[in-house]
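Residue numbers (our numbering), protein chains in the order written: chain G, 6 to 368; chain Y, 6 to 368; chain V, 6 to 368; chain U, 6 to 368.
Glycine included, every Cβ here is placed at the ideal spot set by N, Cα and C.
Quick caveat: nothing in here was measured; it's all calculated off a predicted structure.
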């Protein structure tokens, strides 16, 4: 039997349940979980803030583990055979249809209405389809990536979905060699955005966030300059950015905070004709005010919303992480590792910002 | 002596004054004005809504006329010689410095802080540097474009700066062959945006505006579908757009209205992963509210502000206008032609939306 | 029984064979063929110039017809139900895998190694999977597009695959409103490239080709200027283009000729920092010489190869064709309509350039 | 009096001549030369391979030095005042007109026909307008960049124009975080292209070049993998690249070799739908053969020529160099430092590939 943490509904305590071992179909994989993440989405799930969630669910979308069994001989996308014991992660989004208008005409697969997500859109009645479990069943067609010899599981899971979301954000931001960059927010998405921006050739990176232990992490991830949002009002924070960017504002500003007011502020931190990208507003946390004349039109701004990530980002992020994982103390971002039955306190810890990244270790 | 209309300050009546004939420097041109425009900017100037205006001024930024005199032999940018009597227009923006960071590094010349604009940033004490005048003096370095045999002055001036601003907007919007497009606003900028979008290969164009005579003009400019904003609330207008775009919203939405609420509404008219461009918010008309989660992040939007136009837009717009000027009843957009001494009533007519386009004919 | 033309191998005569009516699977469609095309590819197939062709085959890749039967209730990509009798066309490429590196990481689905093509990669033993047949069986997953009330089948088939390939070419060329454009080649791809370039806002279109009847067609498709390649050598043709483009060369040059020498020549017709797109070199017709210094480096060229088209091009081309099909005499490009049993003479006619477009009408 | 090396004509020995100290105009700068470079262009100049060179000239285009005198108070482009003794470099291209079609419409200023270049297009009769001189006179309008405290002159001059040209190349190549990259050529342009590609987030960099000491430098600049062209034929070199790129070829290939055959080879090293950029073909070294079907069309290639660099590249390269100059042993690329009167042997050393980078130290 396999143990997994089940969230039976919003507000309900996570309980450990036992499941049958999965039957492997042709093309499927049984993964022995090493780590799964607890991210802000799990807090949102616990508060019932996402719609159409088929509770009860096994939470946990981005995970790492070793291959326990494959349904026939399988290869990764580069043509290498997958073997039992290989360390892999998988793209938590599944069943992108490749049939709908968003997939085929808009080529915006993160907006495909048919996509399923491990740990979010699958009921625990459908199987071991979430990461807070000793085993995860990867259905045929789930895209995987071997992490290889050079990535330690602790480094990879320290970012979790934030590692991948922020990769997409940096790519989509149009960042170029020599740009001056602001990252708003110093949670996992923001911290990895700093490391990716550093890797992508940012000339200067200014991190805007709090509290102190996250700002220290921002420095370790490659931020050159830190602005602590506490004790400064919005106007002062904008002014601090301008002081550090020749009075112009930054070439690229990436919002990774989840706070709607950050958007109000971020456009003002962006230079005229610069790029502003919003990736942190994963749920509805309220409206903001904007001035279309000053903030958008006269500013000649390029503003991008950024939703999720697709397989190309997952592929490139893993490849690139192979290169950089030893250059940054990623694993130190894991404030605490929880066992499977510490689910409820780990959710509380994430919600209260007590930790930077909390992960679970089911085995 | 040369007669010109002078606005001596905000709220002051325009009066006709007499000026010396201009002395032509090498590289300069004296232009005999056929038409100059009265645009929304002139209303703003009259209300004192622009800063750093060196009143008294001769208003009128985009104009057409014939060459009266040149300071030596001059050529246009394609290498053709300019001759007395040639019908030309000129790029009203002047002295873009090509020295500053915005010119040279950002390559965003419309944000160059040194730019001067005919009819706006020159005092009448400095010369005949505005269009509401029998003669206009084009200083050395002012960029001109011959209109050639195929463009009638009435067709060109019917758009005025709107013809050029909207060209920039359509180019910057990323519109591609086969796109479904919404144009918000049916003043001169919006009406020309419709014609340019038609020329650029929009599959379907939906015009959103009022009142009836402007909507009729929108149809004549190439709109396939018209949504009258009157009698519909914001939600209904968005719903009407969605009905006409397979429930998705438009690929490209271009705001040309000047009303801040149009921005609130326009993002909702844009499909997920679509493009929204804001060009109509030329002055500060107040704030709006936006929801960063639904309107920007989850929508995976590309949102562009668009300020002014540069010479490349002026050049291409004139060239392309040669091609299309006979395909649309542009000159019918001119509701009224005023003489030089009817300045005050023409300003009132523009302000009250009595006219689509008002022009003055100084000679 | 269903009659279809079968090419049993390179050099073999096409013979009419009889097949069982297709059994419709869920998601499949039986199409009653109105027209199928004979294109250059069919000539190449007949000469054995393509590799891995599973002869015997039923040729004919792009076709139009009416729905005879559907496997269950089906909808098009915009959500409209498909009904018996609907006039449709279909994307001849099938089984793009959405699993491989080219599909998922490079997002270059036209380079997916798993793609199957109706009329080319299917054996006649596998069913009615080519257009030279009274019925065509569209397997589940084949993408279709309704042509609606506004497109006549003769207009659509007059371009065949050329209508779609050239749409991709124009989109990928980076053409913008106001560009000066050269189209090299006046076969179906080139002629439709002219019409699409016109629709996309080209300021001037220069067609370079032969013979006379095709050049006349080029004019009807919207070319402003015609250069007959006969009687001029390569240098003279380049010179003729330069004369018509202010001595600079064209902003955009699109090669649609199939002649390798056109590439040698086309880069020289492109202005410095302009765009050159190659779409006509569908098979290997030999090498050319180029000078990397003058033709590529100093020219600061953007040169694009363009292979096939994907569903987004098919979708947008059909939508846009609804708009323009009455504006051009497309159906006049069909020099001759052949019956199913005239296969051999129609191949000869295409090969000898006797016709612009030859189509077959199996029913 | 000021000593400078003068090349009086092709094939002529460089001789030291004495000049008057320059008179500083308002906006001009007298620079005390620390280093000037000897690059391939100087060899070409010495062989008379460039046209319209106004011999006698003082060669040396990219240089570093300290400000000796300014014509009035001057500021750099970020608004900082320039002071005597400041370490600066300058953009060797001057008098980009900002009036012509290439400047204003194509926005391709490196193709402006009016540009002047220090050390190439100025006669020594016009003044100290080349770098092989104790003093260099920077005319009003010459764009300068302070190198600040963090860049050592030896590190900067070790790249010379190659540092800047390669920055442009990497930017224009469209390189993105996670790309696999090939650099062809291991001279100064290629070696700096490696360092910039590393900084821009290349996942893997394969350097293709020779001889051994340059390949060792390639490793020091950040190449992960080295292919020595000696002992391998063209097909084998392509095969070696494919082996290291999953059989596909590289995402981005940048030609920095100057050898036309590298272009023939480089397109074959590029993956389908990948990007190939040519920057090394600065002079005409002959034609090559290409196959338009395999190399361009079917490959769905994006091929870019890249000419020179503009001020934005100069600005960003200097800013970014501040960041990376301590991370690589740039100054070790300087094989030899020559005094002003060793001109003839230094030219021979560059021509014979005895050195990686040769620089002169006039003071």
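Next item on the list: Tell me residue 7 of chain U's beta-bridge partners as DSSP assigns them.
Entry: Taking the fourth chain and counting its residues from 1, the one referred to as residue 7 of chain U is at position 2. Residue 7 of chain U is bridged to U/24.
Note to self: By the DSSP assignment, the beta strand (DSSP E) with residue 160 of chain V in it spans what residues?
What the structure shows: Within the third chain, the letter at position 155 stands for residue 160 of chain V. It is not in any beta strand (DSSP E) - residue 160 of chain V instead sits in the alpha helix (DSSP H) that spans 158-162.
Notebook entry, point to check: So which residues of chain G does residue 286 of chain Y contact, with C-beta pairs closer than 8 Å?
Noted result: Within the second chain, the letter at position 281 stands for residue 286 of chain Y. Listed by position along chain G, the residues whose Cβ is nearer than 8 Å to that of residue 286 of chain Y are 297, 298, 301, 302, 303.
Notebook entry, point to check: If you drop the 5 nearest sequence neighbours on each side, which residues of the same chain put their C-beta closer than 6 Å to that of residue 325 of chain U?
Noted result: Here residue 325 of chain U is taken as the residue at index 320 of the fourth chain, counted from 1. Taken in chain order, the list of residues that qualify is empty.
Margin query: Under 8 Å, with one C-beta from each stretch per pair, do the region 11-20 of chain Y and the region 164-172 of chain Y reach the 3-pair mark?
Written below: By the Cβ rule, the region 11-20 of chain Y does not count as touching the region 164-172 of chain Y, because fewer than three pairs are nearer than 8 Å.
Checklist line | Beta-carbon gap between residue 254 of chain G and residue 279 of chain G smaller than 8 Å | finding: Within the first chain, numbered from 1, the residue matching residue 254 of chain G stands at position 249. Within the first chain, numbered from 1, the residue matching residue 279 of chain G stands at position 274. Against a cut-off of 8 Å, the Cβ pair of residue 279 of chain G and residue 254 of chain G comes out as a contact.
Checklist line | Under 9 Å by beta carbon: chain Y residues contacting residue 309 of chain G | finding: Looking up residue 309 of chain G in the first chain gives position 304. Residues of chain Y passing the Cβ test: 301, 305, 306, 307, 308.
Check: chain G beta carbons: is any one of them nearer than 8 Å to that of residue 94 of chain U?
Finding: Taking the first residue of the fourth chain as position 1, residue 94 of chain U is located at position 89. Not an interface residue.
Item checked: Minimum Cβ-Cβ distance from residue 317 of chain U to chain Y less than 8 Å -> Translated into the one-based positions of the fourth chain, residue 317 of chain U becomes position 312. So, interface residue.
Notebook entry, point to check: When you compare only the Cα positions, how much space is there between residue 22 of chain Y and residue 141 of chain Y?
Noted result: Here residue 22 of chain Y refers to the residue found at position 17 when the second chain is read from its first residue. Here residue 141 of chain Y refers to the residue found at position 136 when the second chain is read from its first residue. In a straight line, the C-alpha of residue 22 of chain Y is about 14 Å away from that of residue 141 of chain Y.
Check: Since residue 209 of chain V sits in a beta bridge, which residues does DSSP pair it with?
Finding: In the third chain, counting from the first residue as 1, residue 209 of chain V sits at position 204. Partner(s): V/185.
Margin query: Taking the straight line between their C-alpha atoms, what separation do you get for residue 220 of chain V and residue 237 of chain V?
Written below: Translated into positions along the third chain, residue 220 of chain V becomes position 215. Translated into positions along the third chain, residue 237 of chain V becomes position 232. For residue 220 of chain V and residue 237 of chain V, the gap between their C-alpha atoms comes out near 15 Å.
Item checked: Contact set for residue 312 of chain Y: own chain, Cβ-Cβ below 7 Å, skip 5 residues either direction -> Sequence index remark: in the second chain, residue 312 of chain Y carries index 307 (1-based). These residues qualify, in order along the chain: 115, 116.
Notebook entry, point to check: Closest by CA to residue 29 of chain U, which one among U/49, U/75, U/187?
Noted result: On the fourth chain, position 24 is the one that residue 29 of chain U refers to. Distance check between residue 29 of chain U and each of U/49, U/75, U/187 places U/75 closest, using alpha-carbon atoms only.
Notebook entry, point to check: Checking contacts by CB at 8 Å: is residue 265 of chain U closer than that to chain V?
Noted result: Here residue 265 of chain U refers to the residue found at position 260 of the fourth chain. At a cut-off of 8 Å, the C-beta of residue 265 of chain U has a neighbouring C-beta in chain V.
Notebook entry, point to check: Between residue 172 of chain V and the rest of its own chain, which residues show a CB-CB distance below 6 Å, the 5 nearest in sequence each way excluded?
Noted result: On the third chain, position 167 is the one that residue 172 of chain V refers to. Answer for residue 172 of chain V: 201, 318, 322, listed in chain order.
Checklist line | Cα-Cα separation between residue 73 of chain G and residue 89 of chain G, rounded to whole angstroms | finding: Residue numbering aside, residue 73 of chain G sits at position 68 when the first chain is read from its first letter. Residue numbering aside, residue 89 of chain G sits at position 84 when the first chain is read from its first letter. In this model, residue 73 of chain G and residue 89 of chain G are separated by some 5 Å (Cα to Cα).
Notebook entry, point to check: Are the beta-carbon atoms of residue 243 of chain U and residue 270 of chain U separated by less than 8 Å?
Noted result: Stepping through the fourth chain from its first residue, residue 243 of chain U is reached at position 238. Stepping through the fourth chain from its first residue, residue 270 of chain U is reached at position 265. Yes.
Next item on the list: Kindly indicate if chain U contains any beta-carbon less than 8 Å away from that of residue 198 of chain V.
Entry: Numbered from its first residue, the third chain carries residue 198 of chain V at position 193. It does not: the Cβ of residue 198 of chain V has no partner Cβ on chain U nearer than 8 Å.
Checklist line | Cutoff 8 Å: residue 56 of chain G Cβ touching any chain Y Cβ | finding: On the first chain, residue 56 of chain G is found 51 positions in, with the first residue counted as 1. Taking Cβ atoms only, chain Y never reaches closer than 8 Å to residue 56 of chain G, which makes this a no.
Item checked: Neighbour-count burial assignment, residue 331 of chain G, 16 or more Cβ in a 10 Å radius -> Position 326 of the first chain, counted from the first residue, corresponds to residue 331 of chain G. Looking at its Cβ environment, which holds fewer than 16 other Cβ atoms inside 10 Å, residue 331 of chain G is exposed.
Margin query: Looking at chain Y, is there any beta carbon in it that lies within less than 8 Å of the beta carbon of residue 79 of chain V?
Written below: Reading the third chain from its first residue, position 74 is the one you call residue 79 of chain V. No, its Cβ sits nowhere closer than 8 Å to a Cβ of chain Y.
Notebook entry, point to check: If residue 297 of chain U and residue 234 of chain V are in contact, beta carbons under 8 Å, what's the gap, nearest whole angstrom?
Noted result: Locating residue 297 of chain U in the fourth chain gives position 292, counting from the first residue. Locating residue 234 of chain V in the third chain gives position 229, counting from the first residue. Residue 297 of chain U to residue 234 of chain V, Cβ: 17 Å. No contact.
Notebook entry, point to check: Nearest chain G C-beta to residue 97 of chain V closer than 8 Å, yes or no?
Noted result: For the purposes of this step, residue 97 of chain V is taken as the residue at position 92 of the third chain. At a cut-off of 8 Å, the C-beta of residue 97 of chain V has no neighbouring C-beta in chain G.
Next item on the list: Spell out the partners DSSP gives residue 70 of chain V in its beta bridges.
Entry: Translated into the one-based positions of the third chain, residue 70 of chain V becomes position 65. Listed as beta-bridge partners of residue 70 of chain V by DSSP are V/38, V/93.
Checklist line | Exposed unless 16 or more other CB atoms sit within 10 angstroms - verdict on residue 118 of chain G | finding: Locating residue 118 of chain G in the first chain gives position 113, where the first residue counts as 1. Counting Cβ neighbours within 10 Å, residue 118 of chain G comes out exposed, since fewer than 16 surround it.
Checklist line | Contact set between residue 103 of chain Y and chain U, taken where Cβ atoms lie within less than 7 Å | finding: Taking the second chain and counting its residues from 1, the one referred to as residue 103 of chain Y is at position 98. Contact annotation for residue 103 of chain Y against chain U: 103 [CB-CB distance below 7 Å, chain order].
Item checked: Residue span of the alpha helix (DSSP H) that contains residue 265 of chain V, given as start and end -> Start at 1 with the first residue of the third chain, and residue 265 of chain V comes out as number 260. Boundaries of the alpha helix (DSSP H) harbouring residue 265 of chain V: 265-274, taken from the DSSP string.
Next item on the list: Under 8 Å Cβ to Cβ from residue 308 of chain G, same chain only, skipping five residues before and after it: list those, please.
Entry: Locating residue 308 of chain G in the first chain gives position 303, counting from the first residue. Apart from the 5 residues on each side of it in sequence, residue 308 of chain G sits with its Cβ closer than 8 Å to the Cβ of 272, 280, 281, 282, 283, 301 in its chain, given in chain order.
Notebook entry, point to check: Would residue 43 of chain U pass as a contact of residue 351 of chain U if the rule is Cβ separation under 8 Å?
Noted result: In the fourth chain, counting from the first residue as 1, residue 43 of chain U sits at position 38. In the fourth chain, counting from the first residue as 1, residue 351 of chain U sits at position 346. Yes, Cβ-Cβ distance for residue 43 of chain U and residue 351 of chain U is below 8 Å.
Notebook entry, point to check: Using the C-alpha atoms, what's the distance from residue 264 of chain U back to residue 46 of chain U?
Noted result: Translated into the one-based positions of the fourth chain, residue 46 of chain U becomes position 41. Translated into the one-based positions of the fourth chain, residue 264 of chain U becomes position 259. Those two C-alpha atoms are separated by around 14 Å.
Item checked: DSSP state of residue 180 of chain Y mapped onto helix, strand, coil -> Here residue 180 of chain Y refers to the residue found at position 175 when the second chain is read from its first residue. Collapsing the DSSP output to three states places residue 180 of chain Y in coil.
Next item on the list: May I ask you to verify whether the region 32-42 of chain V touches the region 127-147 of chain V, counting CB pairs closer than 8 Å and requiring at least 3?
Entry: For the pair of segments examined, the region 32-42 of chain V was found to touch the region 127-147 of chain V: the number of CB pairs separated by less than 8 Å reaches three.
Checklist line | Cβ shell of residue 338 of chain U (< 8 Å), same chain only, five flanking positions each side left out | finding: For the purposes of this step, residue 338 of chain U is taken as residue 333 along the fourth chain, with counting starting at 1. Cβ contact annotation for residue 338 of chain U (same chain, cutoff 8 Å, sequence separation greater than five): 163, 164, 193, 196, 222, 361, 362, in chain order.
Next item on the list: Name the residue from G/98, G/104, G/84 whose alpha carbon lies nearest to the alpha carbon of residue 84 of chain V.
Entry: Mapped onto the third chain, residue 84 of chain V falls at position 79. Looking at the Cα atoms, G/104 is the closest of the given residues.
Notebook entry, point to check: Name the DSSP bridge partner or partners of residue 121 of chain G?
Noted result: Along the first chain, one-based indexing puts residue 121 of chain G at 116. G/99, per the DSSP bridge assignment.
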